[in-house]
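Peer 1: Be aware that the sequence shown starts at 60, since it is given in the working numbering, and climbs by one per residue.
All C-beta atoms in this analysis are idealised placements derived from N, C-alpha and C, irrespective of residue type, glycine included.
The structure's right below; bear with me while I get my questions together.
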Amino acid sequence: MTDRAYAWFEEKQRDRGINLEEVKGRLRALQIETPSWAFGDAGTRFKVFRHSDAPRTPYEKIDDAALVHRLTGLCPSVAIHIPWDHVEDYSKLTRHAESVGVRIGAVNPNLFQDDEYMLGSVTNPDAAVRRKAITHLLDCVDIARETGSKDLSLWFADGTNYPGQGHLRQRKAWMQEALQEMYHALDPSMRMLIEYKFFEPAFYHTDLADWGMAYNAAIKLGDQAQVLVDTGHHAQGTNVEHIVAYLIDENKLGGFHFNSRKYADDDLIVGSMNPYELFLIFHEIVSASLDGEASIRETVDNIAYMIDQSHNIEPKIPAMIRSVLNVQTGYAKALLVNREVLAEAQAAGDVLGAEEAVRQAFECDVSPLVKMMREEQGLPQDPMRAYKERYGDGTMYRV
Ligand code: PSV
Ligand code: MN
């Protein structure tokens, strides 16, 4: 059945002028990092619903991430958040990850949990708190060294709630000083990925509120600093794919935190709200990798695709599998855009033809392709079903 579906798909894509071997090669190279924190219990400020199978330790979170990788073949690394994932011995955690078939990916310093950070971390008016925050950033560089991680992923909850609460330019300077001190501590092989967010937990201003601020900070630091785009961290209606294209063109796009938003930073399953946006993001990435100059292609090759989700009511592991599969689907569709047809339409000013060339790829059903690829890689054809058959509704996984 799959074979027939695949044969039909293959014929259709050949007719559309698509080189499927190239598409498959690119899809095989896709790697998506899962976040340790998405496997633990989470909720809203109203309620955290407890799951009986929630991981109890960083080791168990890595086990969950490894299971997602075994079922999808797409997630060979897992991001950690410190101190949420603090362990006495990071080389032991690293070996544990290897023993279950994954590796530790980005290290995320957590500068928003401690009471001292109420008025900010690296932009706190108290110099002692700022020093504590910077020390934590430097500790995380050491942890990255121990775990063999290349990326330090930085998000600051720093901001203010009321006009006049903080000296905005002074805070900008403190932010840059902290980033600078951390930047100097990086090994040459390491990167700093700077994430922005326009609100929450602060409601009046956020010290790194948008991509422009993160970009500016990264430019001043140097080549090892890039911007991280969390898809949930934009105002309604923002053209995220344009930001992506712009940052790639400046060699400053370092990675993503994929998730979906409906109203705010809802951290929903990737592709559950606006799969077209996800597709268009990949469309810009593929476009840059095909017609960009060498440095741009290198930037694209080094994009860290990471998930950042916080599931409230859904079982975590299947929710993560769904997200990862949706990313793969979005990418696969973007690879099916006929670039020649699109370029001709753009050059001719054919608005509808250009829009059609892009949308047509989005409308292709890529399930025969990804199923066939899974079969070729010895993976379950339907990872969601494989999980369900083995673990039921996802609440009995660990017991
Ligand atoms: C903040 O909303 C964020 O997107 C940052 O990436 C954090 O590290 C993560 O969520 C977990 O709180
Ligand atoms: Mn994020």
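Cutting at 6 Å between CB atoms, please list the residues of its own chain near residue 310, excluding the five before and the five after it.
Peer 2: 354, 358
Peer 1: Which partner residues does residue 234 have in the DSSP bridge list?
Peer 2: For residue 234, which the question treats as bridged, DSSP gives no partner whatsoever.
Peer 1: Considering just the uninterrupted stretch of the beta strand (DSSP E) at residue 251, what are its terminal residues?
Peer 2: 250–254
Peer 1: From what residue to what residue does the alpha helix (DSSP H) around residue 412 run?
Peer 2: 410–421
Peer 1: Between which two residues does the beta strand (DSSP E) holding residue 433 run?
Peer 2: No beta strand (DSSP E) holds residue 433; the alpha helix (DSSP H) holding it covers 426–435.
Peer 1: Comparing C-alpha positions only, which one of 212, 351, 390, 356 sits nearest to residue 316?
Peer 2: 212
Peer 1: Beta strand (DSSP E) containing residue 92: first to last residue?
Peer 2: 91–94
Peer 1: Just the C-alpha distance for residue 218 and residue 434, rounded to the nearest angstrom, thanks.
Peer 2: Here the C-alpha atom of residue 218 lies approximately 49 Å from the C-alpha atom of residue 434.
Peer 1: Would you call residue 95 buried or exposed, if buried means 16 or more other Cβ atoms sit within 10 Å of its Cβ?
Peer 2: buried
Peer 1: Relative to the C-alpha of residue 313, which residue among 415, 378, 241, 209 is closest?
Peer 2: 209
Peer 1: The ligand MN: which residues have Cβ under 6 Å from any of its heavy atoms, chain order?
Peer 2: 214, 254, 289, 316, 367
Peer 1: Between residue 320 and the rest of its own chain, which residues show a CB-CB distance below 6 Å, the 5 nearest in sequence each way excluded?
Peer 2: Result list for residue 320: 291, in chain order.
Peer 1: From residue 236 to residue 103, what distance separates their C-alpha atoms?
Peer 2: 33 Å
Peer 1: Quick check on the burial criterion: 16 or more other C-beta atoms within 10 angstroms. Buried or exposed for residue 338?
Peer 2: buried
Peer 1: Grab the span of the beta strand (DSSP E) containing residue 210 for me, first residue to last.
Peer 2: Per DSSP, residue 210 belongs to the beta strand (DSSP E) from 210–213.
Peer 1: Please name the residue in 225, 246, 249 whose C-alpha comes closest to that of residue 261.
Peer 2: 225
Peer 1: Suppose you measure from the CA of residue 415 to the CA of residue 447; what does that come to, to the nearest Å?
Peer 2: 38 Å
Peer 1: For a test of your reading of the model: does the CB of residue 173 fall under 7 Å from any non-hydrogen atom of the ligand ATP? Yes or no.
Peer 2: Only the ligand PSV and the ligand MN can be found as ligands here, which leaves the ligand ATP out of the picture.
Peer 1: Look at the Cβ atom of residue 432, then the Cβ atom of residue 133, and state whether they are nearer than 8 Å.
Peer 2: With respect to residue 133, residue 432 sits apart: the two C-beta atoms are not nearer than 8 Å.
Peer 1: Could you check whether residue 206 and residue 153 sit closer than 8 Å to each other, using their CB atoms as the reference points?
Peer 2: yes
Peer 1: Using CA coordinates, which residue listed in 176, 281, 285 is at the minimum distance from residue 273?
Peer 2: 285
Peer 1: So is residue 243 buried or exposed if we call it buried at 16+ other beta carbons inside 10 Å?
Peer 2: By the Cβ-count criterion, residue 243 is exposed, with fewer than 16 other Cβ atoms from all chains shown falling within 10 Å of its own Cβ.
Peer 1: Just list the beta strand (DSSP E) runs in the segment 150–208, keeping only unbroken ones of 3 residues or longer that don't cross its boundaries, in chain order.
Peer 2: 162–168
Peer 1: Are the beta-carbon atoms of residue 130 and residue 427 separated by less than 8 Å?
Peer 2: no
Peer 1: Is DSSP giving residue 350 helix, strand or coil here?
Peer 2: helix
Peer 1: Please identify the residue among 128, 254, 230 whose C-alpha is closest to the C-alpha of residue 168.
Peer 2: 254
Peer 1: Taking just the CA atoms, how far does residue 177 sit from residue 81?
Peer 2: 51 Å
Peer 1: Taking the CB atoms as reference points, tell me whether residue 234 and residue 283 lie closer together than 8 Å.
Peer 2: Their beta carbons are not under 8 Å apart, which means residue 234 does not touch residue 283 by this criterion.
Peer 1: Could you give the DSSP three-state label for residue 68: helix, strand or coil?
Peer 2: helix
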